[in-house]
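Each remark here refers to the structure printed beneath this line.
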Amino acid sequence: MSTTSPVEKAGAATATYVDQRLGSNKFLARNLGKVFPDHWSFMLGEIALYSFIVVLLTGTYLTLFFKPSMVEVVYNGSYVPLKGIEMSEAYASTLDISFDIRGGLLIRQMHHWAALIFLAAMTVHMFRVFFTGAFRKPREFNWIIGVVLVTMGLLAGFSGYSLPDDLLSGTGLQIARGIVQAIPVIGTWAAFLLFGGEFPGTDFISRLYAIHILLIPGLILALVTLHLIMVFTQKHTQFPGPGRTNDNVVGYPLMPVYMAKAGGFFFVVFGVIALVGGLISINPIWIFGPYTPDQVSAGSQPDWYIGFLDGALRLMPNWESTIAGFTLSWNILIPALIVPGILFTVLGAYPFIEAWVTGDKREHHLLDRPRNAPTRTAFGTMAISFYVLLLVGGGNDIIATAFDVSINSIIWFLRITLFIIPPLVFVFTRRICLGLQRRDQAKLLHGYEAGRILRLPHGEFIEVHQPLSVKELAVITSKNDIEPLPVPEKADIDGVKNKKFKSHNRRAKLSRFFYGDNIPLPSAAEIEAGQAHVAHDAELEAPLAAYEDADELRRAHGGVLHHPGMAETNAEQEAER
Amino acid sequence: MKFLAARRRNPLVAIGLLLFALLAVGGGYAAIASVQPAQASASSQTQVEEGKQLFLSGCSSCHGLEAQGTANGPTMIGVGAAAVDFQVASGRMPMAAPGAQAGARPTDIYTQDQIDALAAYVASLAPGPANPTAEDLDFSNADVAEGGVLFRTNCAQCHQAAGQGGALTQGKYAPNLMAATPREMYQAMVTGPQSMPVFSNETLPVEDKQAIMAYVTELQTASSPGGLDLGRIGPVAEGLFLWTAVFAALIGAAVWIGIKAR
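Read top to bottom, the protein sequences are chains D and A.
Mapping the first sequence onto the working numbering, position 100 (from 1) lands on 105, and the numbers just tick up by one.
Mapping the second sequence onto the working numbering, position 52 (from 1) lands on 126, and the numbers just tick up by one.
Below, the structure written as structure tokens:
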């Protein structure tokens, strides 16, 4: 080794010292040089990771002062409008954190904002993974871990929202208890078991606290670690581009490029959270007051990530039936248990559903462009539109007052459009994707429309097309054409009946639904012919382009446009006149 | 006592007792009832007359020539001066347009003298809640914290915990209280305008009303310790801010870092 500078020498000495004890050099040499592809959307997951770190840091500070107890105390802190009021110790200590502990309110607000950002970042990261097909083989397990992480995030958020024991959190818990009670047969007992008796009881905050600061964060931490290890070992997917194949990764090494980028981004995320936590009020619990079951505030809402559940509850008609002495509260069962149950099950199972329909067993390290998987993309946007409509339903009272419309009209509008808009979104998205595929095809066969009309010397007008850049050609031709599965034979040549005809036929139909409308890439020969034709266009235009580009020439000719064969110099032109 | 004991089963005794009871109840009622009209008659007869003229020209098309109410508007008999003053001074009446609910608006249709005359006329029809005195509205000694409890128990389910207002059914709403004066709060409580229930001085004593006024005034004037308060309407505004401003900043940063260094 030819170490020259003292810094390098010291670094080498340290590495050797550590390596002799841990044998780490081999591991580091292999992994620090690991190449990651570059794209801004690959950083969405990082936002989630970093905001989670901020949640852990600020949460630790809060545990130093928060008292998870429902013992009734009389508040005697510095917030006058609540002085002398009886409240739980949990609420009183949250007030103390907000008003009497140095930096307490800032940390509380950072904790809350970071939690909202954590969930939002996970959601958007999931969208990116979904729409680019990054969940395909071999990454199905990591997708499931991601779905579990989102679920854990929802639980972490809701348990935190419920801890301060203010009017809003108590109202949320009351609804949660109602949902538990709606579970058929065991609901009532389950609710008693969870809450330790009648609502609100005296046990629940301390139980929730253990879940919020120990169980869920521990699980999230373990799953995040697993999630990242899998990204590391399976390598990161990459968007198509020149030189990028299914078998390589084009990008920069972890050390130093991504260490610097990711490290810097951590501080950016931390900075944004600190800024927002310091400047924007969130959950002002002192306004809501301590929870008592006889009080409720208008406009009581959950945080945004539970909004879709609240919305579903608000939109559901009041249906109930009694079977064999057990009450079935469909009005809660459907929106709060069945709909989210289906949503999350389909979400978790989607990679397997798609692999089954397509019969695709290959590994995929090159990402799909959303347009190239029109049915998947349409499914995604349909699900998002459904979710957003539910979310809007969760804020129906705020919308009613803010825009001066009747809350009943909003509810009925949403009840109806919940079944109309998502299918329309599906159809539109699919059509848009197919349209974009056609455009890609046209680009391959005819190049870009340059928007310029050229008159040829013999009088013909042509529209000039430009050839595609190397990058664009690589991106467009990265498309994987998947043939829909063939309709199975009812019987083979020997007349033996195909016993699996029904299931195979169903699968073939689904496959046709997924890929039947696919616009296949032109063959290599067709592309070549197309691009050659375009190149010919460019050739026709070339003298003109060269001429226009050559400023000197233009200046020499007094700005008069020429065609080949025309008089070139001023003298020739004059002579011609 | 022997005399009474001996004759207590006489049939005339029952009649005598009945007469006595009727007299006592009737006389007592007359004595109490006569107290309240005296309040109404405190306003001068000319003011009542002026109020009647204003009523006939401005209100009677909906509330009836005799203030008895029509299909378009409720009776004004017994609503009291406080109701008239609250509804007219805040611009709710005369109603700007038919709708789910009469909304407050800046108004100069009637002068305060004319409103007083209208109020005097309506109050002269039958006893009803009177306008608050300066003493009623003096909440300087009220307990703000107690007011907070009363507000959250009685008012927050419609007006929202921070007094930002809330939606009711079919386009009706509980208005935002951030510009409400103590006088308006008092009048609203004793008269129960629109969808609001009446909180009479029997159910909610004047001291409690003063505590509520003190708390709402505190809500109106309190600064936001946590920074920009986003309208104090709760998690919806927070979520909106998150998905627009905060997330835009984070994605902007991601794009910036993701750009290839050249």
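Glycine residues also receive a C-beta, built at the ideal position from the N, C-alpha and C atoms.
Query                                                                                                                 : Result
Under 7 Å from the C-beta of D/Gln306: neighbouring residues of chain A                                               : Gly308, Pro309, Val310
Beta carbon proximity, A/Pro111 to chain D, threshold 7 Å                                                             : Per-residue confidence for A/Pro111 stands at a pLDDT of 46, beneath the threshold of 50, marking its modelled position as unreliable; the derived number appears in the next sentence. For A/Pro111, the answer is no, since every Cβ of chain D falls outside 7 Å of its Cβ.
Cβ-Cβ distance between D/Tyr296 and D/Leu172 below 7 Å                                                                : yes
Whole-Å CB distance - D/Gly398 paired with D/Leu419, under 8 Å assumed                                                : 5 Å
Counted within 10 angstroms of its Cβ, other Cβ atoms place D/Met48 as buried (16 or more) or exposed                 : buried
Contact with chain D by A/Phe213, beta-carbon distance below 7 Å                                                      : no
Chain A within 7 Å of D/Trp45, Cβ atoms only                                                                          : yes
Touch test, the segment 120-134 of chain D against the segment 23-37 of chain D, Cβ-Cβ under 8 Å, three pairs minimum : no
Best match in D/Glu94, D/Val273, D/Thr242 for proximity to A/Leu324 [C-alpha to C-alpha]                              : D/Val273
Residues near D/Ser302 in its chain [Cβ-Cβ closer than 8 Å; skip 5 each side]                                         : Leu172, Leu173, Thr176, Phe293
Contacting residues, own chain, Cβ-Cβ under 8 Å from A/Leu130 (five flanking each side not counted)                   : Leu139
D/Gly202, DSSP secondary structure in three states                                                                    : coil
Sequence-distant residues of the same chain with beta carbon closer than 8 Å to D/Phe104, five excluded per side      : Gly82, Ser83, Tyr84, Leu110, Trp291
Positions along the segment 85-98 of chain D whose CB lies within less than 8 Å of some CB in chain A                 : Val85, Pro86, Leu87, Lys88, Gly89, Ile90
Residue burial classification, D/Pro428 (beta-carbon count within 10 angstroms, cutoff 16)                            : exposed
Pair within 7 Å by beta-carbon distance, D/Leu124 and D/Leu228                                                        : no
From A/Asp303, A/Gly301, A/Leu302, A/Gly245, residue whose alpha carbon lies closest to that of A/Ala174              : A/Gly245
Simplified DSSP assignment, three categories, for D/His369                                                            : coil
Beta-bridge pairing of D/Asp171 - partner residues as DSSP gives them                                                 : D/Pro295
Terminal residues of the alpha helix (DSSP H) in which D/Gln471 lies                                                  : Premise fails: D/Gln471 lies in the beta strand (DSSP E), 466-471, not in any alpha helix (DSSP H).
Reduced DSSP category for D/Leu160 - H, G, I as helix; E, B as strand; rest coil                                      : helix
Under 7 Å (Cβ pairs) to chain D, residues found in the segment 317-331 of chain A                                     : Trp317, Val320, Phe321, Ala323, Leu324, Ala327, Ala328, Val329, Ile331
Rounded straight-line distance, which links the Cα of D/Gln306 to that of A/Phe160                                    : 32 Å
Endpoints, the alpha helix (DSSP H) within which D/Glu325 is located                                                  : No alpha helix (DSSP H) holds D/Glu325; DSSP gives it neither H nor E.
Any chain D beta carbon closer than 7 Å to A/Leu92                                                                    : no
Minimum length 4: unbroken alpha helix (DSSP H) runs contained in the segment 37-116 of chain D                       : 49-68, 94-104
Three CB pairs or more closer than 8 Å across the segment 241-254 of chain D and the segment 153-168 of chain D       : no
Contact the segment 230-250 of chain A vs the segment 407-417 of chain D: 3+ CB pairs below 8 Å                       : yes
A/Ala230 in three-state terms, based on DSSP                                                                          : helix
Chain A contact residues for D/Thr406, given Cβ-Cβ distances below 7 Å                                                : Gly239, Gly240, Ala241, Tyr247
Sequence-distant residues of its chain with Cβ nearer than 8 Å to A/Met259 (five each side left out)                  : Leu251, Lys283, Ile286, Met287, Val290
Pair within 7 Å by beta-carbon distance, A/Ile189 and A/Ala163                                                        : yes
Partners in chain D for A/Ser298, counting only beta-carbon separations shorter than 9 Å                              : Ser286, Pro289
Residue range of the beta strand (DSSP E) that includes D/Glu454                                                      : 453-460
For D/Ile524, the three-state DSSP class (helix, strand or coil)                                                      : coil
Counterpart residues of D/Pro258 in DSSP-defined beta bridges                                                         : D/Val40
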